[in-house]
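Peer 1:
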Amino acid sequence: MVVQGRSWTSGELVLRGANLRLADRRTGEVWNGSGVVLSSGGLDDVCHLRREETPSFEGLRRVFFEGDLMALGRTIERTFPLGPWHLDVLSRDDRWAVARDRCAQAEQSQRGEACHALEDFKRLLMRLHSIGVEPPAILRAAAELCLSEQVRDLVQRGEGTMSPEERRGLDGALVELLEPGSPLGNLLEEAHALGVEPELSLLNPRLGDFFHDRLEDHRLGRSSEAPYGELLALFRRTQELGMDPNLWRAQNELWRLLEEAGRTPGEEMLALARAWGFATP
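The working numbering puts the first residue of the sequence shown at 6, with every later residue one more than the last.
The following block contains the structure:
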């Protein structure tokens, strides 16, 4: 347990210091002391400990900001003589957790830069796409990173912990977000105009679930209104936006409904079946 901790950052260099109280769950033995962890970026963390608490980290802070790395290293080794320990002393799961956290930090630090680049060169990217010229790879990557994050924010907004019934309602609300003029619809239209493909891994499965659930509700009598026209319009909208929802489960539901309809399927049902690749009369 961290009793008291401090952290300082200078560029990629990060120094953390804390007083610690550790207890062995098996023996109940308690260890009181303090330690520091120094990281210069990546996964090169180095930990040093001492058996006493540190009343003040002010001296360490001063060397961190005013001295060079060699002076800092000597001060750490003199003040915290136990160690050094690196990430290889951690369990595999803990090492992976640290790695995932660092990756998230690195990605977050670059998102702002990517969005600045997109704003600076948006007109150029749109013009390049309109005349069929590939943009520089770095501008494409910046645009896709920025727009993907914005899509993720819109899709995840307000999800929290939901029951299956609440999830179905949210999927319906998500479909409304695709309407022209909606925030998500505008975002995807912008991506299409720029000629870039934001990450839709959260969105495509949810749309596939919506298609499936609407057809299943109709087949099982939970909804008396035929959904075929609505789903066909939504599918065409996803095509306009360059999306690729997973339709496998929905296609299976539609096949069951076609079998039940026998020789009298309606025109909207047939139109949806054709749009989804069914061989129909």
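Glycine included, C-beta positions come from ideal geometry on N, C-alpha and C. The structure displayed is predicted, hence computed values, not measured ones.
With DSSP collapsed to three states, give me the class of Ala-147.
Peer 2: Position 142 of the sequence shown, counted from the start, is the residue given in the question as residue 147. It is helical.
Peer 1: Just to confirm my understanding: we take Cys-151, look at its own chain, exclude 5 residues before and 5 after, and list those with CB closer than 6 Å. What are they?
Peer 2: In the sequence shown, the residue the question calls residue 151 occupies position 146. Cβ within range, chain order: Ala-119, Cys-120, Leu-123.
Peer 1: What's the call for Leu-144, buried or exposed, on a 16-neighbour Cβ count within 10 Å?
Peer 2: Taking the sequence shown and counting its residues from 1, one reaches residue 144 at position 139. Label assigned to Leu-144: buried.
Peer 1: Alpha carbon to alpha carbon, how far is Leu-263 from Thr-243?
Peer 2: By 1-based counting over the sequence shown, the position of residue 263 is 258. By 1-based counting over the sequence shown, the position of residue 243 is 238. Taking the straight line from one Cα to the other gives about 23 Å.
Peer 1: How far does the alpha helix (DSSP H) with Ser-135 in it extend, from its first residue to its last?
Peer 2: Translated into positions along the sequence shown, residue 135 becomes position 130. That run of the alpha helix (DSSP H) goes 97 to 135.
Peer 1: With three or more beta-carbon pairs closer than 8 Å as the criterion, would you say the stretch 87 to 96 touches the stretch 45 to 59?
Peer 2: Judged by Cβ distances under 8 Å, the stretch 87 to 96 makes contact with the stretch 45 to 59, as three or more pairs qualify.
Peer 1: Rounded to the nearest angstrom, how far is the Cβ of His-223 from that of Arg-254, given a contact under 8 Å?
Peer 2: Looking up residue 223 in the sequence shown gives position 218. Looking up residue 254 in the sequence shown gives position 249. Not confirmed; about 14 Å, so no contact.
Peer 1: Alpha carbon to alpha carbon, what distance is there between Leu-183 and Asn-191?
Peer 2: Within the sequence shown, residue 191 is the residue found at index 186, counting from 1. Within the sequence shown, residue 183 is the residue found at index 178, counting from 1. One C-alpha to the other measures close to 8 Å.
Peer 1: Under 8 Å by Cβ, that's how I've got Gly-38 and Leu-25 pegged, so tell me the actual separation to the nearest angstrom.
Peer 2: As a first step, residue 38 is located in the sequence shown; it is residue number 33 there, counting from the start. As a first step, residue 25 is located in the sequence shown; it is residue number 20 there, counting from the start. Confirmed, about 6 Å.
Peer 1: With DSSP collapsed to three states, give me the class of Arg-21.
Peer 2: Taking the first residue of the sequence shown as position 1, residue 21 is located at position 16. Three-state result, Arg-21: strand.
Peer 1: Which residue wins for smallest C-alpha separation from Gly-271, given the options Glu-34, Pro-232, Gln-155?
Peer 2: If you number the sequence shown from 1, residue 271 lands on position 266. Of the candidates Glu-34, Pro-232, Gln-155, the one whose C-alpha sits nearest the C-alpha of Gly-271 is Pro-232.
Peer 1: Is the CB of Met-248 under 8 Å away from at least one CB in chain B?
Peer 2: Absence of chain B from the displayed structure is noted, only one protein chain being present.
Peer 1: Go ahead and label Glu-258 buried or exposed: buried means 16 or more other beta carbons lie within 10 angstroms of its beta carbon, across all protein chains shown.
Peer 2: Residue 258 sits at position 253 when you count from the first residue of the sequence shown. By the neighbour-count rule (16 or more Cβ atoms within 10 Å), Glu-258 is buried.
Peer 1: DSSP beta-bridge partners for Val-35?
Peer 2: Residue mapping note: residue 35 aligns to position 30 of the sequence shown, counting from 1. In the DSSP output, where bridge partners are listed per residue, Val-35 has Ala-28.
Peer 1: Given that a residue counts as buried once 16 or more other Cβ atoms are within 10 Å of its Cβ, and exposed if not, what is Ala-278?
Peer 2: Counting from 1 along the sequence shown, the entry for residue 278 is found at position 273. With 16 or more Cβ atoms within 10 Å of its Cβ, Ala-278 is classed as buried.
Peer 1: Hey, could you find the ends of the beta strand (DSSP E) Pro-60 is sitting in?
Peer 2: Your numbering for residue 60 matches position 55 in the sequence shown. Unbroken run through Pro-60: none, as it is neither H nor E.
Peer 1: For Arg-83, report the span of its alpha helix (DSSP H) as first-last.
Peer 2: As a position in the sequence shown, residue 83 is number 78, starting the count at 1. Per DSSP, Arg-83 belongs to the alpha helix (DSSP H) from 74 to 84.
Peer 1: Whose C-beta lies closer than 6 Å to the C-beta of Phe-62 among residues of the same chain, with five residues either side of it excluded?
Peer 2: Position 57 of the sequence shown, counting from 1, holds the residue named residue 62. Answer for Phe-62: Arg-11, Gly-22, listed in chain order.
Peer 1: Please report the Cβ distance between His-197 and Leu-246, rounded to the nearest whole angstrom; I am assuming they are in contact, meaning their Cβ atoms lie under 8 Å.
Peer 2: Along the sequence shown, read from residue 1 onward, the residue named residue 197 stands at position 192. Along the sequence shown, read from residue 1 onward, the residue named residue 246 stands at position 241. Their Cβ separation, rounded to whole angstroms, is 6 Å, which keeps His-197 and Leu-246 in contact under 8 Å.
Peer 1: With 16 other CB atoms within 10 Å as the buried threshold, where does Arg-219 fall?
Peer 2: Here residue 219 corresponds to residue number 214 of the sequence shown, with the count starting at 1. Buried is the call here.
Peer 1: Using DSSP with H/G/I as helix, E/B as strand and the rest coil, what is Gly-88?
Peer 2: For the purposes of this step, residue 88 is taken as residue 83 along the sequence shown, with counting starting at 1. DSSP places Gly-88 in strand when its eight states are reduced to three.
Peer 1: Could you have a look at Thr-285 and say whether DSSP puts it in helix, strand or coil?
Peer 2: For the purposes of this step, residue 285 is identified with residue 280 of the sequence shown, where counting begins at 1. The answer is coil: DSSP assigns Thr-285 none of H, G, I, E or B.
Peer 1: Nearest by alpha-carbon distance to Leu-237: which of Leu-189, Ala-104, Ser-228, Gly-213 is it?
Peer 2: As a working mapping, residue 237 is identified with position 232 in the sequence shown. If we check each option's Cα against that of Leu-237, Gly-213 comes out closest.
Peer 1: Compute the beta-carbon to beta-carbon distance between Glu-149 and Glu-202, rounded to the nearest angstrom, for a pair I have assumed lies under 8 Å.
Peer 2: Stepping through the sequence shown from its first residue, residue 149 is reached at position 144. Stepping through the sequence shown from its first residue, residue 202 is reached at position 197. The Cβ separation is near 6 Å, so the contact holds.
Peer 1: From the DSSP output, in three-state form, read off Arg-227 for me.
Peer 2: As a position in the sequence shown, residue 227 is number 222, starting the count at 1. It is coil, neither helix nor strand.
Peer 1: For the beta strand (DSSP E) containing Leu-54, list its first residue and its last residue.
Peer 2: In the sequence shown, residue 54 corresponds to position 49, counting from 1. 51 to 55 is the span of the beta strand (DSSP E), which, as asked, contains Leu-54.
Peer 1: In chain order, what residues of the same chain lie with their CB nearer than 6 Å to the CB of Ile-206, ignoring the 5 residues before and after it?
Peer 2: Position 201 of the sequence shown holds residue 206. The sequence given here has Ser at residue 206, not Ile. Closer than 6 Å at the Cβ level, and outside the excluded window around Ser-206, lies no residue.
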